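Enquirer: Sharing a structure below in structure tokens format, with a few things to ask.
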Amino acid sequence: MSKLILVSNRIPWTLQVKRGLAELLPSSGGLATALAGTHARGGTLWVGWPGDTTGLSQARKDAAFLELAHRRVVPVELARAEVERYYEGFSNGVLWPLFHYLLDKVRLDADRDWEAYRTVNERFAEAVLREAEDGDTVWVHDYQLMLLPELLRERRPGLRIGFFLHIPFPAAEVFRILPWRERLLAGLLGADLVGFHTQAYRNHFAGAAAQVLGADAAPGGLRYGGRFVRTGAFGIGIDAEVFRAAAEDPAVQDRVADLRREAGDRALLLGIDRLDYTKGIPRRLLAIERLLERHPELKERFLYLQVAVPSRERVEAYAQYRRTVDELVGRINGAYGSPTRLPVHLLHQSVPFEELVALYRAADVMIVTPLRDGMNLVAKEYCATRVDDGGVLILSEFAGAAVSLREALLVNPYDIGGMAEAIRRALAMPGAERSSRMRALRRRVAGQDVHRWASAFLEALGQDEGPEAPSEGPGPLLDRILDDASRSRRVVLFLDYDGTLVPFAPRPEGAVPDPALQAMLARLSTLPGVEVHLVSGRSREDLEGWFGGLDLRLHAEHGAWRRPGPGSPWQAVDADDHGWKTEAIRLIEGWCARIEGSFLEEKATTLAWHHRLAESTDPEATVEAAQEDLTRFAERNGLELLQGAKVLELRRPGSTKALAVDPSVAGPGVLAIALGDDRTDEDLFGALPPSGLSIRVGQGPSRAGFRLGSVAEVRILLHGLAERLPGRLEAQP
Numbered sequence: 002m003s004k005l006i007l008v009s010n011r012i013p014w015t016l017q018v019k020r021g022l023a024e025l026l027p028s029s030g031g032l033a034t035a036l037a038g039t040h041a042r043g044g045t046l047w048v049g050w051p052g053d054t055t056g057l058s059q060a061r062k063d064a065a066f067l068e069l070a071h072r073r074v075v076p077v078e079l080a081r082a083e084v085e086r087y088y089e090g091f092s093n094g095v096l097w098p099l100f101h102y103l104l105d106k107v108r109l110d111a112d113r114d115w116e117a118y119r120t121v122n123e124r125f126a127e128a129v130l131r132e133a134e135d136g137d138t139v140w141v142h143d144y145q146l147m148l149l150p151e152l153l154r155e156r157r158p159g160l161r162i163g164f165f166l167h168i169p170f171p172a173a174e175v176f177r178i179l180p181w182r183e184r185l186l187a188g189l190l191g192a193d194l195v196g197f198h199t200q201a202y203r204n205h206f207a208g209a210a211a212q213v214l215g216a217d218a219a220p221g222g223l224r225y226g227g228r229f230v231r232t233g234a235f236g237i238g239i240d241a242e243v244f245r246a247a248a249e250d251p252a253v254q255d256r257v258a259d260l261r262r263e264a265g266d267r268a269l270l271l272g273i274d275r276l277d278y279t280k281g282i283p284r285r286l287l288a289i290e291r292l293l294e295r296h297p298e299l300k301e302r303f304l305y306l307q308v309a310v311p312s313r314e315r316v317e318a319y320a321q322y323r324r325t326v327d328e329l330v331g332r333i334n335g336a337y338g339s340p341t342r343l344p345v346h347l348l349h350q351s352v353p354f355e356e357l358v359a360l361y362r363a364a365d366v367m368i369v370t371p372l373r374d375g376m377n378l379v380a381k382e383y384c385a386t387r388v389d390d391g392g393v394l395i396l397s398e399f400a401g402a403a404v405s406l407r408e409a410l411l412v413n414p415y416d417i418g419g420m421a422e423a424i425r426r427a428l429a430m431p432g433a434e435r436s437s438r439m440r441a442l443r444r445r446v447a448g449q450d451v452h453r454w455a456s457a458f459l460e461a462l463g464q465d466e467g468p469e470a471p472s473e474g475p476g477p478l479l480d481r482i483l484d485d486a487s488r489s490r491r492v493v494l495f496l497d498y499d500g501t502l503v504p505f506a507p508r509p510e511g512a513v514p515d516p517a518l519q520a521m522l523a524r525l526s527t528l529p530g531v532e533v534h535l536v537s538g539r540s541r542e543d544l545e546g547w548f549g550g551l552d553l554r555l556h557a558e559h560g561a562w563r564r565p566g567p568g569s570p571w572q573a574v575d576a577d578d579h580g581w582k583t584e585a586i587r588l589i590e591g592w593c594a595r596i597e598g599s600f601l602e603e604k605a606t607t608l609a610w611h612h613r614l615a616e617s618t619d620p621e622a623t624v625e626a627a628q629e630d631l632t633r634f635a636e637r638n639g640l641e642l643l644q645g646a647k648v649l650e651l652r653r654p655g656s657t658k659a660l661a662v663d664p665s666v667a668g669p670g671v672l673a674i675a676l677g678d679d680r681t682d683e684d685l686f687g688a689l690p691p692s693g694l695s696i697r698v699g700q701g702p703s704r705a706g707f708r709l710g711s712v713a714e715v716r717i718l719l720h721g722l723a724e725r726l727p728g729r730l731e732a733q734p
């Protein structure tokens, strides 16, 4: 029976070591709380770091790990140096600030931290693979483990893999700053489903994947590397019933009464945040100061309590952040306080759950103004406790929670004056409006709780991809080719380039052949009885520059030009005068001007309009509209409009990849094999003799008889041919 494996940086319990003794303490983190119900299911495992175990003897560590095993937890041990570089260095020194748009805090000279991040992700993969079997579901969580889905996919393709990001995903132009952007995106795209809190984060991810890796947008997700990766927005919630019940507990209600007596005739304004620079506490304090500057009469009307939960205190940036908060509190109290009344109270500590709920219930105004936040559950917790339908929520428009908590007073946390005005408005809000807003907020929080979030994600992860045929796999296909080759004297390979031998790049010049590909093609082309044709839409200049020194038959511009071998001149197969190109260039350049990111590539016999990076704010300037325009032009001029992977290409009829197939390949003792990934390769497949083998790379309809899932699988197949084909052919008379 298949099982569910949860994977996160930390497990639901922290292994605390005191005087050589181990104690398992429940984690107070939001992730542990969110997944507690899911982990409670029978058979579910949780893989993660248990905390620092260096102070434990081996016997006591074994005993602690045995207890974790009873709780269905698989610990991943990390050295202190690894935690320092992987967690503090890369996860929180690079990814955390960048994903929250705080670019001045991003450390980009972090190669050693990146290596630790990569190594620890490998360690997590090993731990998961020791427990996982084909058919199991693995749910990976958060930014510390972005490489893990791909690592698992490579080593255990039979797993169903989900990934959920609990922080924002930044806009593509921000994400692209990262030197390690390709690896991180490819890591995430190893999943079957990648989930985010909001549709905006999902769109940002899709944009980054398209611009950096050349992934193709598809309904419901992305196509990359021959796979369909589903993406989705799943806004996380809280266990609203737990907060509601606690709010009605008599002991909590007594504490609420105490808090209100302490506030006296003043309204209680509340902020509860981890002491992190993304939470916007200094700007919130500046808004309080601005409010008192504008309305000094209000200094007797309210008190503001800021609970600042300690966070990463050993990191200098956080220590400086605390000093900034302390200084602002002192400045405001010095200017507007008195010996008996201070407008701002600061608690630098964690608070127990019951005290937290009491503070929520007592607060007249809750101020939640992070500079950027994936969701922010404090806002939802406040609403869930307000069983009296009282209180006003002020919420940053840059928190993911703002998408659903529309009845809050939404503010721009960078607009100090605007926040000050929102606080004034909250203090003056009539009781009926307060109740109406809070009633709607509480109902929505209760209806979108954490249990529904987990169920929705796992249900989406469990859905099938669709009816398209799966990859044959390079292993079985290699065996088939070798079997056919054993009855052949000659093997002729026809290989497409982009999308077959190399992944697509956002711009064509980015998809250059790597040394491993060059070496593999060189080896194949020198095998006795093997003839290798490279059949591409690329220009003569590209193919000659990359492969001119190899013993390959080169075919450029979809067969319009051919080079029989090294040192041979290029021969034009197409005798067209190309007079049509002048008008076509004007037409395509017009669309390039209207659709940002698209561009024209002029070749000797064809014109290609690339739209992989296309962006347009003009509702009438779409790729579809451009395609219709080019189709009409092609019909008027007797041309063909060929649709490739994010490219439209104009050419004269007859210039197809089928021209690369010489009639001699239909002779006895010849095995012809063609590999390609898009519509242009269908002509090549159709030109093969009945004895030939046609192989489609990636998904989509095709006349090919076989299918491989990705460029990586093509490389495996060709490497296998280079290793094992010589003996088969040499055995022939």
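The sequence shown: position 307 = 308 (our numbering), numbered continuously.
Ideal Cβ positions, reconstructed from N, Cα and C, are used throughout, including at glycine.
Small disclaimer: the values here were computed from a predicted structure and weren't measured.
(1) Answer yes or no: do residue 504 and residue 648 have a C-beta to C-beta separation smaller than 9 angstroms?
(2) Excluding the 5 residues preceding and the 5 following residue 715 in the sequence, name in chain order all residues of the same chain whose CB lies nearer than 7 angstroms to its CB.
(3) What are the uninterrupted segments assigned as alpha helix (DSSP H) that are 4 or more residues long and contained completely in the stretch 202-277, given in chain order?
(4) Out of 555, 334, 48 and 599, which one is the CA nearest neighbour of residue 574?
(5) Contact between the stretch 251-262 and the stretch 336-352 is defined here as three or more beta-carbon pairs at a separation below 8 angstroms; is this criterion met?
(6) Suppose the cutoff is 6 angstroms on Cβ atoms and the five residues either side in sequence are ignored; what does the same chain contact list for residue 674 look like?
(7) Have a look at 249, 245, 191 and 13 and flag the residue whose alpha-carbon is nearest the alpha-carbon of residue 222.
(8) Name the one or two DSSP bridge partners that residue 307 has.
(9) Assuming residue 17 is part of the beta strand (DSSP E), what are its boundary residues?
(10) Taking C-alpha atoms, which residue in 379, 534, 93 and 362 lies nearest to residue 316?
(11) Can you tell me whether residue 8 is helix, strand or coil according to DSSP?
(12) Using 8 angstroms for Cβ pairs, my map puts residue 491 next to residue 530. What's the rounded Cβ distance?
(13) Quick one: measure Cβ to Cβ for residue 683 and residue 703, integer angstroms, because I've assumed they're closer than 8 angstroms.
(14) Apart from the five residues just before and just after residue 563, which ones in its own chain have a Cβ nearer than 8 angstroms to its Cβ?
(15) Inspect the beta-carbon positions of residue 289 and residue 345 and report whether they are closer than 9 angstroms.
(16) Of the residues 679, 638 and 414, which one's Cα is nearest the Cα of residue 658?
(17) To which residues does DSSP link residue 572 through a beta bridge?
(18) Tell me which same chain residues have a C-beta within less than 6 angstroms of the C-beta of residue 741, skipping the five on either side of it?
(19) How close, in whole Å, do the beta carbons of residue 46 and residue 12 come, if the pair is a contact with beta carbons under 8 angstroms?
(20) May I ask you to report which of helix, strand or coil DSSP gives residue 163?
(21) Using only CA atoms, which one of 148, 544 and 181 lies nearest to residue 165?
(22) Hey, how far is the Cα of residue 685 from the Cα of residue 534?
(23) For residue 199, which residues in the same chain have their Cβ closer than 7 angstroms to its Cβ, ignoring the five residues on either side in sequence?
(24) Whose C-alpha, out of 207, 690 and 161, is nearest the C-alpha of residue 174?
(25) Just to confirm my understanding: we take residue 479, look at its own chain, exclude 5 residues before and 5 after, and list those with CB closer than 6 angstroms. What are they?
(26) Can you give me the C-alpha to C-alpha distance between residue 319 and residue 610, rounded to a whole angstrom?
(27) According to DSSP, simplified to helix, strand and coil, what is residue 644?
(28) Of the residues 195, 132, 129 and 159, which one's Cα is nearest the Cα of residue 1?
(29) Could you work out which residue in 242, 138 and 80 is closest to residue 40 when comparing CA atoms only?
(30) Leaving out the 5 sequence neighbours to the left and right, which residues in its chain are closer than 6 angstroms to residue 419 when beta-carbon positions are compared?
(31) Take residue 264 as the anchor and find which of 64, 365, 141 and 723 has the nearest alpha-carbon.
(32) From residue 373 to residue 311, what distance separates their C-alpha atoms?
(33) In the DSSP output, which residue or residues are listed as bridge partners for residue 695?
(34) Under the three-state reduction of DSSP, which class applies to residue 288: helix, strand or coil?
(35) Report yes if the C-beta distance between residue 507 and residue 179 is below 9 angstroms; otherwise report no.
(36) Could you have a look at residue 417 and say whether DSSP puts it in helix, strand or coil?
Expert: The short version:
(1) no
(2) 501, 502, 676, 698 and 709
(3) 241-248 and 251-264
(4) 555
(5) no
(6) 494 and 694
(7) 191
(8) 272 and 347
(9) 14-19
(10) 93
(11) strand
(12) 5 angstroms
(13) 7 angstroms
(14) 554, 555, 556, 557, 571, 572, 574, 660 and 661
(15) yes
(16) 679
(17) 563
(18) Outside the modelled stretch of the chain, which goes from 2 to 734, sits residue 741, for which no answer is possible.
(19) In fact, because the Cβ distance is near 10 angstroms, the residues do not count as touching under 8 angstroms.
(20) strand
(21) 148
(22) 12 angstroms
(23) 234, 236, 401 and 404
(24) 207
(25) 718 and 721
(26) 50 angstroms
(27) strand
(28) Residue numbering for the chain in the displayed model covers 2 to 734; residue 1 lies beyond these limits and cannot be assessed.
(29) 138
(30) 412 and 413
(31) 365
(32) 19 angstroms
(33) 675
(34) helix
(35) no
(36) helix
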